[in-house]
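Below is one structure, written out as structure tokens; the observations come after it.
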Amino acid sequence: MKKVAVVTGSNKGIGFSTVKGLLKRFDGVVFLTSRDNDRGKAAVAKLNQLGLHPEYHQLDVTDKTSVARFRDYVKQKYGGIDILINNAAVCNCSELYLGYQESKDIIDINYFSFFIIQEHLYPLVRNNGRILNISSDCGHLSNVRNEYWIKRLSNKDLTVKDINEFVNWHLEAVKNGTFNRSDIADDGTIAAYRVAKVAVSALTIIQQRELKARNISVNSMHPGLVRTDMTKGVGFYDADQAAETPLYMVLEAPASIQGAYIWYDRKVLDWYDPKADWYFKSVNFNQ
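So the sequence shown is numbered by this note's numbering: it starts at -13 and just counts up by one.
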């Protein structure tokens, strides 16, 4: 039985570099996936020029039909998945304050899509498999400054209902014009992206709880400020360097690391510390 690795949103950036690294180190099939067929196939062609040969499949993480179609293909051909890296994400990082529709789009893609992936792909993840959710420094709890939500999100009995209500609280505030910038770190810059990534990091903890019986490791991580299209080329290292910790987490890290929030240097951080200095600072992005 062949082992299988899947990276969502992997036609460029960190996802592309992670696929490249897996093809060099992972003894199995590696899926490069993308929402757009042409961009995905162009990415495959680049890897082919390097002598690397991923398998390609179209995958739109926000489209249930697309995800179900991919699920059926993998299940029929390979039977399951050993490594799943949830990398697909968007952010208009050039705008520090976002309107309702853009905030909703960011949260739908960066957070609510996880439930589609969870429903259709998680049942394919084999026992002892590894799932890595790409989060951000925007995903640490210290990005939240509203005391009510800090207390609720840091509850060790956290539920999906709690997270969804947090996300919808922000969307409603933006929609109604009642968003208070002091509720989010850094004067509320790119708030929707922070809210989505905090939600992803929190959801990771719940997913680990649900999959622990099958010894599947589920973790989230901040890949660092990486020079990619999403960051408009701003960052302190390139995508290949940024892929090193994701590759470590799914190929080499102890299986005992479960439900953790990982920094780009492989350190396990305390996600629950609201006073930590690990939140995203827009001044770093603008330098």
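Think of the CB as a built atom: it goes at the ideal place given N, C-alpha and C, for glycine as much as any other residue.
For the region 187 to 251, the continuous alpha helix (DSSP H) assignments of 4+ residues that do not extend past its boundaries occur at 225 to 228 and 230 to 237, in sequence order. Burial is judged here by how many other beta carbons sit within 10 angstroms of a residue's own beta carbon; His39 has fewer than 16 and is exposed. The region 103 to 158 contains, as complete alpha helix (DSSP H) runs of 4+ residues, the segments 133 to 139 (chain order). In the structure shown, the three-state DSSP call for Leu255 is strand. In this structure Thr175 is buried. Its beta-carbon is surrounded by 16 or more other beta-carbon atoms within 10 angstroms. A direct Cα-Cα distance of roughly 35 angstroms separates Arg252 from Gln62. Residue burial is scored here from C-beta neighbours: Thr145 has fewer than 16 other C-beta atoms within 10 angstroms and is therefore classed as exposed. Of Ser3, Asp49 and Ile136, the smallest CA-CA separation from Asn73 is found for Ser3. Under DSSP, Thr175 forms no beta bridge with any residue. Going by DSSP, Asp68 is part of the beta strand (DSSP E) stretching over Ile67 to Asn72.
As the crow flies, the alpha-carbon of Gly26 is around 43 angstroms from that of Glu133. DSSP places Thr4 in the helix class (H, G or I) of the three-state scheme. Of all C-beta pairs linking the region 135 to 152 to the region 228 to 239, fewer than three are shorter than 8 angstroms, placing the two stretches out of contact. Looking at the DSSP output, Ala(-9) shares a beta bridge with Val16 and Ile69. Counting only unbroken stretches of 3 or more residues, the beta strand (DSSP E) elements lying wholly within the region 20 to 55 are 41 to 44, in sequence order. Residue environment analysis places Thr19 among the buried positions, since at least 16 neighbouring C-beta atoms fall within 10 angstroms of its C-beta. Listed as beta-bridge partners of Ile170 by DSSP are Val130. Between Ala54 and Phe17, the C-beta spacing is not below 8 angstroms.
In the three-state DSSP reduction, Tyr59 falls in the helix class (H, G or I).
Taken atom to atom, the span from the alpha-carbon of Asp58 to that of Arg200 is near 22 angstroms. Excluding five sequence positions before and after Lys10, the CB atoms of its chain that fall closer than 8 angstroms to its own CB belong to Leu38, given in chain order.
Relative to the Cα of Arg131, the nearest Cα in the group Pro109, Arg167 and Lys183 belongs to Arg167.
Counting the other CB atoms within 10 Å of its CB gives Thr51 a total below 16, which places it among the exposed residues.
In this structure the region 159 to 173 does not lie against the region 103 to 111, because fewer than three pairs of beta carbons, one per stretch, are closer than 8 angstroms. Under the three-state reduction of DSSP output, Glu88 falls in the helix class. The residues Val153, Leu157, Ala178, Val181 and Ala182, in chain order, have a CB closer than 7 angstroms to that of Ile93 in the same chain once the five nearest residues on each side in sequence are set aside.
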